[in-house]
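Asks:
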Amino acid sequence: MAMLSRPGQKAELAAPPAVVAKQRCGNWAWAAVFEAMLRMQGAGAPLDQTYWITRFNGGEPCLPSVGKWEDLERTLVHTYYVLDDGRKLRLEPRFQPGIPSSADALVIAMRQNQPLMLVWRGHAYLVAGVTYDEQIAPTGAHLIEITELKLMDPFAAPARPER
Numbered sequence: 000m001a002m003l004s005r006p007g008q009k010a011e012l013a014a015p016p017a018v019v020a021k022q023r024c025g026n027w028a029w030a031a032v033f034e035a036m037l038r039m040q041g042a043g044a045p046l047d048q049t050y051w052i053t054r055f056n057g058g059e060p061c062l063p064s065v066g067k068w069e070d071l072e073r074t075l076v077h078t079y080y081v082l083d084d085g086r087k088l089r090l091e092p093r094f095q096p097g098i099p100s101s102a103d104a105l106v107i108a109m110r111q112n113q114p115l116m117l118v119w120r121g122h123a124y125l126v127a128g129v130t131y132d133e134q135i136a137p138t139g140a141h142l143i144e145i146t147e148l149k150l151m152d153p154f155a156a157p158a159r160p161e162r
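Everything in the sequence shown is counted per numbering that gives the first Met the number 0, starting at 0 for the first residue and increasing by one.
(1) Which residues share a DSSP beta bridge with GLN8?
(2) Using the C-alpha atoms, what's the distance from MET2 back to LYS21?
(3) If you reduce the DSSP assignment to three classes, tell me which class THR138 lands in.
(4) Have a look at LEU150 and MET0 and give me their C-alpha separation to the nearest angstrom.
(5) Tell me which residues share the same chain as TYR79 and place their Cβ nearer than 6 Å to its Cβ, disregarding the 5 neighbours each side in the sequence.
(6) Assuming LEU148 and VAL129 make a contact with CB atoms under 8 Å, what is their CB distance in whole Å?
(7) So, helix, strand or coil for MET0, using DSSP?
(8) Suppose the cutoff is 7 Å on Cβ atoms and the five residues either side in sequence are ignored; what does the same chain contact list for ALA127 look like?
(9) Excluding sequence positions up to five away, which residues of its chain have a Cβ less than 8 Å from the Cβ of GLN48?
(10) Less than 7 Å between C-beta atoms, sequence neighbours within five positions excluded: which residues of the same chain meet that for TYR131?
(11) CA-CA distance, LEU82 and PRO153?
(12) Nearest CA to the CA of PRO6: which residue from THR138, ALA155, GLU133 and ALA140?
(13) Taking 8 Å as the cut-off, is the CB of TRP29 close to at least one heavy atom of the ligand FMN?
Below is the structure:
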């Protein structure tokens, strides 16, 4: 039996919010993507990008990056955030340097509507979808090859609906 080829498959987030960074700076790009991710997770947390910038910087500076990702992750994990209504929110970010070790994980995240952040050349993007080719062997083993990433840039203004 031959391998089954399924080219050009897509997995995309359902209705990701278009959050535009308030400043064209690396730290604000991260904060805007993080705000979009929290909105999609349904945390019900009104923690917008300005909250995160002032929380980590003590003001609203324009910085080229958010800083060391490991430090940011450590800070986010070890802090509870108290919302206006008294609820507590605890975040569990996962930081992975370099390219993903498994294309499967990226496809699964999109299929389960779990937003991901990709940092490329120091700039944060929201991964909104993937296009991929899948090869399935007669044994059931499969190989996924990502052919395209759909990224949302927090510096880009949202598209206007056509009239």
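Think of the CB as a built atom: it goes at the ideal place given N, C-alpha and C, for glycine as much as any other residue.
Since we're looking at a predicted model, the values are computed, not measured.
Replies: Let me lay it out:
(1) Counting from 1 along the sequence shown, the entry for residue 8 is found at position 9. BP columns for GLN8 point to TYR131.
(2) On the sequence shown, residue 21 is found 22 positions in, with the first residue counted as 1. On the sequence shown, residue 2 is found 3 positions in, with the first residue counted as 1. Between the alpha carbons of LYS21 and MET2 lies a distance of about 49 Å.
(3) Position 139 of the sequence shown holds residue 138. Note: THR138 maps to coil in three-state DSSP.
(4) Indexing the sequence shown from 1 puts residue 150 at position 151. Indexing the sequence shown from 1 puts residue 0 at position 1. It is roughly 37 Å from the alpha-carbon of LEU150 to the alpha-carbon of MET0.
(5) As a first step, residue 79 is located in the sequence shown; it is residue number 80 there, counting from the start. Once the five neighbours on either side are set aside, the close Cβ partners of TYR79 are LYS87 and ARG89.
(6) If you number the sequence shown from 1, residue 148 lands on position 149. If you number the sequence shown from 1, residue 129 lands on position 130. That pair is a contact at about 6 Å.
(7) Counting from 1 along the sequence shown, the entry for residue 0 is found at position 1. Of the three classes helix, strand and coil, the one that applies to MET0 here is coil, per DSSP.
(8) On the sequence shown, position 128 is the one that residue 127 refers to. Contacts found: GLU11, LEU12, PRO15, LYS149, LEU150 and MET151.
(9) Indexing the sequence shown from 1 puts residue 48 at position 49. VAL18, ALA20, LYS21, TRP27, ALA30, ALA31, PHE33 and GLU34.
(10) The count along the sequence shown starts at 1 and reaches residue 131 at position 132. Excluding residues within five positions, the ones whose Cβ falls inside 7 Å are GLN8, ALA102, VAL106, ILE143, GLU144, ILE145 and THR146.
(11) Position 83 of the sequence shown, counted from the start, is the residue given in the question as residue 82. Position 154 of the sequence shown, counted from the start, is the residue given in the question as residue 153. In this model, LEU82 and PRO153 are separated by some 25 Å (Cα to Cα).
(12) If you number the sequence shown from 1, residue 6 lands on position 7. Nearest neighbour of PRO6 by Cα position, chosen from THR138, ALA155, GLU133 and ALA140, turns out to be GLU133.
(13) Inclusion of the ligand FMN in the displayed structure is not the case, the ligand content being empty and no account of it being possible.
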